[in-house]
Every structure is written in C-alpha cells, then in structure tokens.
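Chemist: Per the numbering used here, the sequence shown starts with residue 782, numbered consecutively.
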Amino acid sequence: MKLFPLFPVQASTTASHVDLLFAALTAVTILFSLIIFVAIVFFAVRFRRGHKVDRSNAPLEHLPIEIMWTGIPLVIALGLFIWSTALYFIDKRVPDGAMEIYVVGKQWMWKLQHPEGRWEMNELHVPVGRPVKLTMTSEDVIHSFFVPAFRLKQDVIPGKFTTMWFTATKPGHYHLFCAEYCGTNHSGMIGQVVVLSAADYEKWLRSGNTTTSMAAAGEKLFMQHGCNGCHGAGSSVRAPFLEGIYGKPVPIQVPTGKPGETKTQVIIADDRYIHDAIVLPEQEIAAGFKPIMPTFKDRLKEEEIVQIIDYIKSLSTTSGSASSNQGYNSSNMDESAIRARTGFKPQNMGDIASRKSQNVAGTMSSSQ
Ligand code: CUA
C-alpha cells in the first residue's frame, strides 16, 4: 500500500466516511461491470458461428427476471443516495462551538485570518481534534478550497460566503490546492494546512506579531469609515443599532415587484446579511429605516469586511468586546461616554449628513 499510495492520508473525521462511500461506489461499479463482461463472453462463445446450440425462439417475457433487474438496481441506487445524502448533511451542518476562520481567495493566493488576529498566507494552522469552520469568500474570481487529506472541497465565490468545516485528526502538513481554474497562476495557488496539537497551536497563535484581534481591527475600520456616525448610540442619523444583532432575526423590507411597494420579511443577521448590507445596502433595508446607507463596495476589501463582521459579532456578546472597551450599550452609558467610546465627533456630522443626502437623492432619482 505504501509503495503505491492510491489515496492521500486520512486526516479529518470526514475522510474515512468519504472513502467508505467511494469504496462502495467502486465495488458496485466493478460488480456490475464483471456481471456484464462475463455474460458477453459467455454468450459470444456459446452462440459463435458454427456452434451447435438451440437457437429456437426464446420466451419474450419473464416477469420474475424483469422484477429482479429493476428491483435490485433500484434498491442499490436508493441506498447509495440515502447514504451520500446523510453524509452531505453531516458535511454541511457545522457543529456548535466550532472555531471560526475566515478565508479570502484572490489571484493567486489564500489569505486566512484567525479571530485572534493572526493573518496567514497560503498556510492554515489549526489545532487537532477541534471542529474548525471556514467562512470563505473571494476578492476576484471563483476559486476552490481543496484539502485532499480532509476529503473536502468547496468553491470560494466573489460576493458570497461559503462555509466548510472539518475536525483534523492527525498533526502534520497537508496539501492545500485551488481546485477551480482561476487564471494564469491557478496552478501556483497552493499552500498547506498545518495541523498542530492544542498546545502547539496556542503557542503558534501567540508567536505572531499581530496584537489586534479581528474584532478590534474591525472596530478600527468601523470608526475610520464613519459607520459609528450613524450606527453608534447617540447619533442623530437614524440607522439600526448593531449591538446584539448578530445571529438574530431582523425584519427587512424587500420589493414586492410592484413599483414603490415593499413588504416586510424576517431574516437572520448572519455573515451573509451583514456583508451584503455593507456592499449592497439597498438590497435589504432594515424595516422602518430609509435607504440612506452608502455602499462600501469599492472602499473596503473583503478581508476588511470580515473584520467588521467580526466586530459586529463581538457586539452581540456585549461584555466580550473587541478591544479593552465594553461593547457600547446605550442603557448604561451616557451620551458623552458613548461619543468618547465611538470616537464620534459632532463636527463630522455635516460631512456624513451631506453624503447621506446626496445618496438619498441618488437613490430616489435612480428608482424613477
Ligand atoms: Cu484560485 Cu485556481
């Protein structure tokens, strides 16, 4: 086996399940190929020219045989269908408490960010034995995140988050490939997944020179781009508050198809929703609010958007906030404290307001 390895090593909890299914499919294929091949040879020999055998008309109908050759393949095919579907659902359902890592694919590299703040290029360090959830998007074209040793592959698509999860079972180095043709250097878009013991992973996380967590970096961007001007407590522009919003149902207005008419719909404020609210703000407007949010499509990179999402996520767990500060919570902070905390300065106001009014005008004229 070692001399001529047919399969990569099995290094995730998924790997053995996938291999077993693959072996079963192969076995079924070989079995039927054999049956057909043997029958062809047998009949070719038996009914060859000049061989004296009974060639009188054979019966045209034989119900038991017909039932058999319909029934057996049906059972086999349905069995494989149920088996693979069950595996698919296991594969799609991320276990609770999975560690989250963000992946951004771009021509021609992988950028990975750990919530603690460490960025990696073309390398992914993960601890052994812990479920890891990858939330992935692309800066440009479609890529595909493929780790053969984990038996996992998932397309990485611009303008969309895709997820994948795994639990690594063996410390070691494993190939990481881009498995979707993405341009000239597609074949060079490779890297490795480094599976470490829990202790080594902790050590590795600390060894980096990054000191800001993803959420803290997101908070900085949130301030820099003036998001807090509208979304911060005490702002005079009416925009939804973001604390506690992550993972919760939120009402939004969606067009009904008739001009100027919208209906309310409730969706979950997940990564996808927050991402789209930043780059396509007019698509899903929070119910009860005006469509005045400008798009940040060309002003933020995907990797910055995931940091902002992580910041908003940190606001959900109020006390465990981004930097040393508490998540801003209007109930126990007075307005000046909130302004100090969010870096909100009244003189920014004119700026934001004029930008907003321009945007409103733009929105309205475009919808006419
Ligand atoms: Cu990225 Cu191929």
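All C-beta atoms in this analysis are idealised placements derived from N, C-alpha and C, irrespective of residue type, glycine included.
Go through its chain and collect everything with a Cβ distance to residue 780's Cβ below 6 Å, but skip five positions before and after it.
Modeler: Not covered by the structure: residue 780. The range shown for the chain is 782 to 1149.
Chemist: Exposed or buried, what is residue 1078 when buried is set at 16 or more other beta-carbons lying within 10 Å of its beta-carbon?
Modeler: Reading the sequence shown from its first residue, position 297 is the one you call residue 1078. Looking at its Cβ environment, which holds fewer than 16 other Cβ atoms inside 10 Å, residue 1078 is exposed.
Chemist: Rounded to whole angstroms, how far is the Cβ of residue 941 from the Cβ of residue 909, which I believe are closer than 8 Å?
Modeler: Working through the sequence shown from its first residue, we reach residue 941 at position 160. Working through the sequence shown from its first residue, we reach residue 909 at position 128. Actually they are not in contact, since the Cβ atoms of residue 941 and residue 909 sit about 30 Å apart, beyond 8 Å.
Chemist: Rounding to the nearest angstrom, what Cα-Cα distance links residue 976 and residue 1038 in this structure?
Modeler: Here residue 976 refers to the residue found at position 195 when the sequence shown is read from its first residue. Here residue 1038 refers to the residue found at position 257 when the sequence shown is read from its first residue. Those two C-alpha atoms are separated by around 50 Å.
Chemist: If you draw a straight line from the C-alpha of residue 959 to the C-alpha of residue 809, how long is it?
Modeler: Counting from one through the sequence shown, the residue named residue 959 turns up at place 178. Counting from one through the sequence shown, the residue named residue 809 turns up at place 28. Between residue 959 and residue 809, the C-alpha separation is close to 31 Å.
Chemist: Report whether the distance from the Cβ of residue 940 to the nearest heavy atom of the ligand CUA is below 7 Å.
Modeler: Stepping through the sequence shown from its first residue, residue 940 is reached at position 159. No - the ligand CUA has no heavy atom lying nearer than 7 Å to the Cβ of residue 940.
Chemist: Where does residue 898 fall in DSSP's three states?
Modeler: Taking the sequence shown and counting its residues from 1, the one referred to as residue 898 is at position 117. Coil.
Chemist: Using 8 Å for Cβ pairs, my map puts residue 1003 next to residue 793. What's the rounded Cβ distance?
Modeler: The count along the sequence shown starts at 1 and reaches residue 1003 at position 222. The count along the sequence shown starts at 1 and reaches residue 793 at position 12. Not quite, the Cβ-Cβ distance comes to about 35 Å (not below 8 Å), so this is no contact.
Chemist: Does the beta-carbon of residue 859 have 16 or more other beta-carbons within 10 angstroms, so that it is buried, or is it exposed?
Modeler: Numbered from its first residue, the sequence shown carries residue 859 at position 78. It counts as exposed.
Chemist: I need the straight-line Cα distance from residue 957 to residue 936, nearest angstrom please.
Modeler: On the sequence shown, position 176 is the one that residue 957 refers to. On the sequence shown, position 155 is the one that residue 936 refers to. Whole-angstrom Cα-Cα distance: 13 Å.
Chemist: Assess, as a yes-or-no matter, whether the region 962 to 977 is touched by the region 1058 to 1066 under the definition of 3 or more beta carbon pairs within less than 8 Å.
Modeler: Touching, no, given that fewer than three Cβ pairs across the two stretches are closer than 8 Å.
Chemist: To the nearest angstrom, report how far apart residue 1011 and residue 798 are at their CA atoms.
Modeler: For the purposes of this step, residue 1011 is identified with residue 230 of the sequence shown, where counting begins at 1. For the purposes of this step, residue 798 is identified with residue 17 of the sequence shown, where counting begins at 1. Whole-angstrom Cα-Cα distance: 49 Å.
Chemist: Entirely within the region 913 to 999 and at least 4 residues each: give me those alpha helix (DSSP H) ranges in chain order.
Modeler: List check, alpha helix (DSSP H) in window: 979 to 988.
Chemist: Using CA coordinates, which residue listed in 837, 926, 805 and 1055 is at the minimum distance from residue 1153?
Modeler: No statement about residue 1153 is possible, as the shown extent of the chain runs from 782 to 1149 and does not include it.
Chemist: Could you round the C-beta distance between residue 887 and residue 847 to whole angstroms and report it? I think they count as a contact, below 8 Å.
Modeler: Taking the first residue of the sequence shown as 1, we reach residue 887 at position 106. Taking the first residue of the sequence shown as 1, we reach residue 847 at position 66. Not confirmed; about 57 Å, so no contact.
Chemist: Could you work out which residue in 945, 961 and 819 is closest to residue 883 when comparing CA atoms only?
Modeler: Numbered from its first residue, the sequence shown carries residue 883 at position 102. Taking only the C-alpha atoms, the option nearest residue 883 is 945.
Chemist: Just how far apart, CA to CA, sit residue 1128 and residue 1075?
Modeler: Here the question's residue 1128 lines up with position 347 in the sequence shown. Here the question's residue 1075 lines up with position 294 in the sequence shown. Here the model assigns residue 1128 a pLDDT of 36, short of 50, so the residue's position is not dependable and the matter cannot be decided.
Chemist: Report whether the distance from the Cβ of residue 924 to the nearest heavy atom of the ligand CUA is below 7 Å.
Modeler: Taking the sequence shown and counting its residues from 1, the one referred to as residue 924 is at position 143. Yes, Cβ of residue 924 sits closer than 7 Å to a heavy atom of the ligand CUA.
Chemist: When every heavy atom of the ligand CUA is checked, does at least one fall within less than 7 Å of the C-beta of residue 886?
Modeler: Against the sequence shown, residue 886 aligns to sequence position 105. Residue 886 Cβ: within cutoff of the ligand CUA.
Chemist: Just reading off the beta strand (DSSP E) that residue 1006 is part of, what are its end residues?
Modeler: Here residue 1006 corresponds to residue number 225 of the sequence shown, with the count starting at 1. Residue 1006 -> no beta strand (DSSP E), and no H or E assigned at all.
Chemist: Give a yes or no on whether the C-beta atoms belonging to residue 1085 and residue 894 are separated by under 8 Å.
Modeler: Within the sequence shown, residue 1085 is the residue found at index 304, counting from 1. Within the sequence shown, residue 894 is the residue found at index 113, counting from 1. Going by C-beta atoms, residue 1085 is not nearer than 8 Å to residue 894.
Chemist: Excluding the 5 residues preceding and the 5 following residue 1048 in the sequence, name in chain order all residues of the same chain whose CB lies nearer than 8 Å to its CB.
Modeler: As a first step, residue 1048 must be located in the sequence shown, where it is residue number 267. Once the five neighbours on either side are set aside, the close Cβ partners of residue 1048 are 1030, 1031, 1033, 1054 and 1065.
Chemist: Please say whether residue 1000 and residue 1092 have beta carbons closer to each other than 8 Å?
Modeler: In the sequence shown, counting from the first residue as 1, residue 1092 sits at position 311. In the sequence shown, counting from the first residue as 1, residue 1000 sits at position 219. Going by C-beta atoms, residue 1092 is nearer than 8 Å to residue 1000.
Chemist: How is the beta strand (DSSP E) around residue 882 delimited, first residue to last?
Modeler: The residue labelled residue 882 in the question sits at position 101 within the sequence shown. 880 to 887 is the span of the beta strand (DSSP E), which, as asked, contains residue 882.
Chemist: What are the residues that DSSP puts in a beta bridge with residue 891?
Modeler: If you number the sequence shown from 1, residue 891 lands on position 110. Looking at the DSSP assignment, residue 891 forms a beta bridge with 886.
Chemist: Starting from the N-terminal side, write out each stretch of the beta strand (DSSP E) that is 3 residues or longer and does not extend beyond the region 1033 to 1090.
Modeler: Runs of the beta strand (DSSP E) inside the region 1033 to 1090: 1043 to 1049.
Chemist: Please report how far the alpha carbon of residue 845 lies from the alpha carbon of residue 802, in whole angstroms.
Modeler: Position 64 of the sequence shown, counted from the first residue, corresponds to residue 845. Position 21 of the sequence shown, counted from the first residue, corresponds to residue 802. Distance between the alpha carbons of residue 845 and residue 802: 30 Å.
Chemist: Using DSSP bridges, identify the partner residues of residue 1030.
Modeler: Here residue 1030 refers to the residue found at position 249 of the sequence shown. DSSP, once it has assigned bridges, lists 1049 as partnering residue 1030.
Chemist: Between which two residues does the beta strand (DSSP E) carrying residue 905 extend?
Modeler: The count along the sequence shown starts at 1 and reaches residue 905 at position 124. Residues 904 to 908.
Chemist: Note down, in chain order, each residue of its chain lying with its Cβ closer than 6 Å to the Cβ of residue 1103, except the 5 sequence neighbours on either side.
Modeler: Taking the first residue of the sequence shown as 1, we reach residue 1103 at position 322. Its pLDDT being 39, under 50, residue 1103 is placed unreliably by the model, and the measurement read from it follows with that caveat. These residues qualify, in order along the chain: 996, 997, 1000, 1092 and 1095.
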